[in-house]
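To keep things clear, I will list the structure first and then write my remarks on it.
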Amino acid sequence: MKPPNFLYARPDTLEDALRLLSEHGTGAKLLAGGQSLVPMLNLRMAEPKLLIDMNRVAELSGIERENGKLRIGALTRHRALETSREAAQAEPMIARAAREIGHLAIRNRGTIGGSIAHADPSAEWPLLAVALDARVELRSTARTRTVAAREFFTGPFTTAAGADEILTAVEFPCAPQQSGFGFQELCRRPGDFAIVAAAGRVRMRDGRCIGATLAIGGADATPRHIAEIDRIVAGSRGEDAVVREAAAAAARVLDPSGDIHASAEYRRKMAAVLVTRALREAFASVAANS
Amino acid sequence: MDRPGTTAKFVGARVRRVEDPRLLTGRATFVDDVRMPNALALAFVRSPYAHARIVSIETEAARSAPGVRAVLTSPEVEKLIPPLRMEHRSSFPAPPCRSVEWPVLARGKARFVGEAVVAVVAADRALAEDGAAAVEIEWEELEPAVDPERARESGAPLVHEEWPDNVFQKVEFAAGDIEAAFSGADLVVSERFRTGRHMALPMEGRGIVASFDPASGMLTVWASTQMPHVLRAEIARVLGCAENSVRVIATDVGGGFGLKSHVFPEELLAAALARELGRPVEWIEDRREHLIASQHAKDQIVRGELAVARDGTILGLRAHITCDIGAYTEYPWRTFEANVTAMAMPGPYKIPAYAYTTVSVATNKCSIGAYRGVGQPIGVFVMERLIDIAAGRLGIDRVAMRLDNMIPRHEHPYTTITGDQIESGSHRECLQKAVAMMADDRPLQASGAVRRGVGFASYIEMTAPSAMVWQTLGPPGSGSEPAMVRMETDGSVTVALGTNSQGQSHETVFAQVAADVLGLDPANVRVIQGDTAATPRGWFAGGSRVAVVSGGAVIRAAQKVRDKILRAASRMTELPAAELDIRGGAICRASDGAPLAELRDIAEAVWIGRAGLPTEEDQSLEFIARYEPPPMTHSNACHAAEVEVDMDTGIVKVVRYAVVEDCGTILNPMIVDGQIQGGVAQGVGSALYEEVVYDENGQILTGTLMDYMPPTAPDVPRVEIAHIETPSPFTVGGIKGMGEGGAIAPPAAIANAVADALRDLSPRVTQIPLTPERVLAIIEGKSR
Amino acid sequence: MSTPGFHQRIRFSINGRIVEREVPVRQTLADFIRDALGLTATRLGCEHGVCGACTVIVDGASVRACLMLAVQADGAEVRTVEGLAQDDELSPLQKAFLDHHALQCGFCTSGFLMTATDLAAHGAGSNETEIREALSGNLCRCTGYANLVDAIAAVLKEQAAKRE
């Protein structure tokens, strides 16, 4: 199990990386944390002509809070997000999600940008980005653009990024006041990719929900934001009947597929269970915070 | 270290392991750590299809790839070594089994995904894989035989075309009046059980480094194996050279659990190529090869039926076992998986009538072979589930039903319905103690979102089989092992074993054993193993036999050394030998421990012929003894599991686990407990997590460790362990084997606990692993 | 930035020693450590980032050496099991592994030692649940983990006591 031959380049600047990418086109692959790409190289399931190692592009790391947004450089490691005070203050669900990713050694190396670009439908960052309506920043030699995470993921392991584009940052909205979150994963063993995961946030005023967002991972081709749930939950006090209705909506809307870890039917059922749990957790955490 | 006159005993003590310092500092030598200058690496092109004809193989590009030294297909390889062939030996008392040829590289067609088709030898492994990637094979897909029950029906695609059907072996057994037992029963419980295809999955895969010296004609092989001496004989046989020109070395082996008690085509090919190419050849299996093409295990469908009287008395037992063997039978043992299941099923219970049929079926899958416990975990799973189901239907206590049917202590030695003689045991005591350990004040929750349940499973572990038992099962096995014990001129002791360790701490344990016989500190005993040039010819580490068999041999050989030393000391001290003892490394007066002579002085005197021993006697302190225990040795135990079942998701968590076991004389409790904890972890894997999955086309879906899921640290409970010590009246030292036991009962105990948690739902807990999805189906009443 | 190539010269420190070599860029750090440097304590258990046997410390953090290319270690500080014992004196973790019978075959041991080294360096607590979670990326097939957990907990506890 040894990687095939490839060329390797290690640019120090984004500009150099973009130039290499535009020169080599689809034959090039970007190497960030390598926690998904290197296994595929070792298994010879990926055979790029050129590997562009992004790890020395310093400008891609870092966490900044500005104008109610948290901007996270693509090369920021999971472990940094798990332990960042700044991130935790801006959006506590970030640390929570980071903790669920793989194992310590994976989190020490893997990056948020790599994970989002990889677009595994059951991974944590894509789910969180969709749940929180984050925006993804893409750069090419020609332009910089941002795309809503909810539009960025187009299918399992496929995204709206062009072959000449590099994902450079993710921008999360900061958590609003008087709100609570729920983050739930169903794994057979800790650190496994979730069979199904749910992440959501509810905003409350005077005991009523004035805004909600919820997304499900692992139960469709991409992490799915379920707008119907936002509508069902808004205006409620998080009553059992509302949560049940939201869960039923998830099961109705999702189109999961089966694999050896779980059938489509099981994923659909578990999506409903996890929506229930995530919403209960979210409502309870607002109550606990206020 | 030795202190003259002290009488410390080391057997039974928690002596720390002498193996550890080298393993902890990275100085161990696993096969991949052997560095041979100029070595070539071997890699394989493997079949992507379960069943497919090879139309053509294009190797030109591979031959001219950088660094590639040789590319071989079946015709070239068969010039070097013949296919592995497992003959039925009519002189054995074993049931017939169809012989099958296992070609080293697929010949004509491939019979499972992962079967080796082309071998590529190159300067390093990466280059060999480059070469392998350049090979082009044209395939014609054939319909595969995948489901074992359908595969045995007529008209199924034939795995081996020269046969009329896909049945390797069918065995029928009946004893007692089975018809009367079932017709007279108040209740007959009948269920169909399915056990997953599992894997031993040692952390170190298979591997071999072979080096041929043309000057001496000696082939030296480093291998990751549980049986250096058998591997040596097999290499010599297929290469057509004398056994004495092959040396097998297995210094450190990274786990085996049965998988490495086989000889594999890849190993033999590497040895052949080293001789053919005149350069060292290494094959270090990667994890993908391991998962798809080494050896799987278990995989059985059992129809089990228990006939019981109203009071819970077991009247009869019936079983029909279908075992999915895969494409070939394990080499060089043929197959005995299903028959071990059948033998294990009666367990510690008195069964007046028993009938079983086992059918071992060929399918287009990787072969199955020995993995910790072989068929025993399945037999115990079926039996213990049947008892719980019967007790539930009769409305009697499941523990009471077990106690009432168990062989009581005073009836040992007890001959079972299958003719097995159980020499001693503590079946009731183990169960009662386990019940007491699990007792607590918390109510068992039988409602709500998370339910708790407790399950028990009792078993007898069959250990240290004799030659007769092996040969009755089929393998050309021996039941004995040798040990060489030598006291050097300085009084230190060397022990050489015919077996080798894959983590079972033999270097520590047998130093303890020899030290006690010789009155030394174990620090003065060095144990040599795993080198056919430095050890007496032995057989293998497996069947939980080493403690019993090598242990008995060490004791016997050490006693010979001791007797001679004392005779020599008697001459030199002019005291009768019976009044002498060796204590703390010195010759002492037995009555009061007063030191009389240095051991080294006596030892040297013997070696240089000045101890006054008769001149016709060998002037040495070196003895080889062999030991073959009685037909079979039996440990017994009871496992108890407490689980939580998440009613929404079907996720099962083992929250408590207790083991009460009886392996007779305990050599080192630290190591025994380590074996139990480790065995239970593997059993938890079998019960809840692990399963090799093939799709309906015979494509394997568990080719990475992201898909085949052994339990990790948070998934395995801390095992609470208690011991009862009932030494064997038949073995040297009263030792019984115990290496496999930990893995035998967890599927049964955990399945019973899940059923207990769900008891008001009439749950049908009949299949392992109990994946969340399967458990949810049970909860929803949709199980099958 | 150098031009893309199949080989590259790297210089990094391993267990305090500076090494400078030309490496094939496709070679993983694990293979480089084992094959080029002959430091075989770092073991290959799966080569796809699941088993943790090849865990080493790179710039103070535990990583899987099979998921890093050797060329990526250029300029880094790498520690392996060979760097734990000082003058043949076992480190506290190694000694705890021995005392608690935390290994059987020993093949996974290096990975557990290096993961535990990361935990110890970052002041992890000795809570059993947390230790088990932290070890969940390392597979052991022999021990059933209990003694590993105990050995590491003992070291973390002692360390915490010293800090106070």
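Residue numbers (this note's numbering), protein chains in the order written: chain A, 128 to 417; chain B, 48 to 831; chain C, 4 to 167. Just so you know, even glycine gets a beta-carbon here, dropped at the ideal spot from N, CA and C.
If distances are taken between C-alpha atoms only, which option among the options comes closest to residue i?
i: residue 342 (chain B); options: B:638, B:225 and B:246; result: B:246
i: residue 126 (chain B); options: B:184, B:106, B:152 and B:670; result: B:152
i: residue 805 (chain B); options: B:825, B:793, B:531 and B:549; result: B:825
i: residue 62 (chain C); options: C:17, C:119 and C:69; result: C:17
i: residue 351 (chain B); options: B:425, B:791 and B:280; result: B:425
i: residue 396 (chain A); options: A:371, A:407, A:412 and A:410; result: A:371
i: residue 356 (chain B); options: B:79, B:505, B:286 and B:434; result: B:434
i: residue 124 (chain C); options: C:102, C:104, C:113 and C:158; result: C:158
i: residue 148 (chain B); options: B:206, B:190, B:120 and B:178; result: B:206
i: residue 205 (chain A); options: A:194, A:193, A:189 and A:140; result: A:189
i: residue 402 (chain B); options: B:133, B:614 and B:227; result: B:227
From what residue to what residue does the beta strand (DSSP E) around residue i run?
i: residue 505 (chain B); result: 497-510
i: residue 235 (chain A); result: Neither: residue 235 (chain A) is in no beta strand (DSSP E) and is coded neither H nor E.
i: residue 346 (chain B); result: 344-355
i: residue 200 (chain A); result: 196-200
i: residue 254 (chain A); result: Counting along the chain, residue 254 (chain A) falls outside any beta strand (DSSP E), though it belongs to the alpha helix (DSSP H) covering 251-258.
i: residue 529 (chain B); result: 528-534
i: residue 683 (chain B); result: 680-693
Please tell me whether residue i has its Cβ less than 8 Å away from any Cβ of chain C.
i: residue 232 (chain A); result: yes
i: residue 587 (chain B); result: no
i: residue 136 (chain A); result: yes
i: residue 497 (chain B); result: no
Do we get a CB-CB distance below 8 Å when we pair residue i with the residues of chain B?
i: residue 400 (chain A); result: yes
i: residue 135 (chain C); result: yes
i: residue 139 (chain C); result: yes
i: residue 129 (chain A); result: yes
i: residue 317 (chain A); result: yes
i: residue 57 (chain C); result: no
i: residue 129 (chain C); result: no
Using C-beta distances below 7 Å, list every residue in its chain close to residue i, excluding the 5 sequence neighbours before and after it, in chain order.
i: residue 292 (chain A); result: 265, 266 and 267
i: residue 700 (chain B); result: 690 and 691
i: residue 719 (chain B); result: 710, 713 and 785
i: residue 519 (chain B); result: 140 and 141
i: residue 572 (chain B); result: 540, 542, 558, 561 and 562
Who are the near neighbours of residue i in its chain, counting only those whose CB is closer than 6 Å to its CB and skipping five residues on each side?
i: residue 468 (chain B); result: 460 and 462
i: residue 497 (chain B); result: 691 and 693
i: residue 224 (chain B); result: 400
i: residue 346 (chain A); result: 323, 381, 383, 394 and 398
The alpha helix (DSSP H) spanning residue i covers which residue range?
i: residue 477 (chain B); result: 474-485
i: residue 599 (chain B); result: 593-620
i: residue 430 (chain B); result: 423-441
i: residue 452 (chain B); result: 445-452
i: residue 304 (chain A); result: From DSSP, residue 304 (chain A) is part of no alpha helix (DSSP H); its letter is neither H nor E.
Using a Cβ-Cβ cut-off of 8 Å, state whether residue i counts as contacting chain A.
i: residue 81 (chain C); result: no
i: residue 334 (chain B); result: yes
i: residue 66 (chain C); result: yes
i: residue 180 (chain B); result: yes
i: residue 250 (chain B); result: no
Tell me which same chain residues have a C-beta within less than 8 Å of the C-beta of residue i, skipping the five on either side of it?
i: residue 301 (chain A); result: 192, 195, 196, 197, 217 and 218
Could you pull out every unbroken beta strand (DSSP E) segment of at least 3 residues lying fully inside the region 55-138 of chain C, listed in chain order?
Annotation note: the region 55-138 of chain C contains the following uninterrupted beta strand (DSSP E) runs of length 3 or greater, listed N- to C-terminal: 58-61, 64-67 and 80-82.
At 3 residues or longer, what runs of the beta strand (DSSP E) sit wholly inside the region 222-294 of chain B?
Scanning the region 222-294 of chain B for uninterrupted beta strand (DSSP E) segments of 3 residues or longer gives 234-245, 254-260 and 265-270, listed from N- to C-terminal end.
Uninterrupted beta strand (DSSP E) stretches inside the region 143-224 of chain B (no shorter than 3 residues)
Whole beta strand (DSSP E) segments, 3+ residues: 147-149, 163-169, 183-188 and 214-222.
Secondary structure, beta strand (DSSP E): runs of 3+ residues fully inside the region 352-409 of chain B
361-373 and 401-409, all fully within the region 352-409 of chain B.
Can you give, in chain order, each stretch of the alpha helix (DSSP H) that sits fully within the region 748-828 of chain B and has at least 4 residues?
Within the region 748-828 of chain B, the complete alpha helix (DSSP H) runs of at least 4 residues are 788-791, 793-804 and 819-826.
Kindly provide the ranges of any alpha helix (DSSP H) runs that are 4 or more residues long and lie completely inside the region 137-177 of chain A, ordered along the chain.
Along the length of the region 137-177 of chain A, whole alpha helix (DSSP H) runs at least 4 residues long occupy 141-151 and 164-169, reported in chain order.
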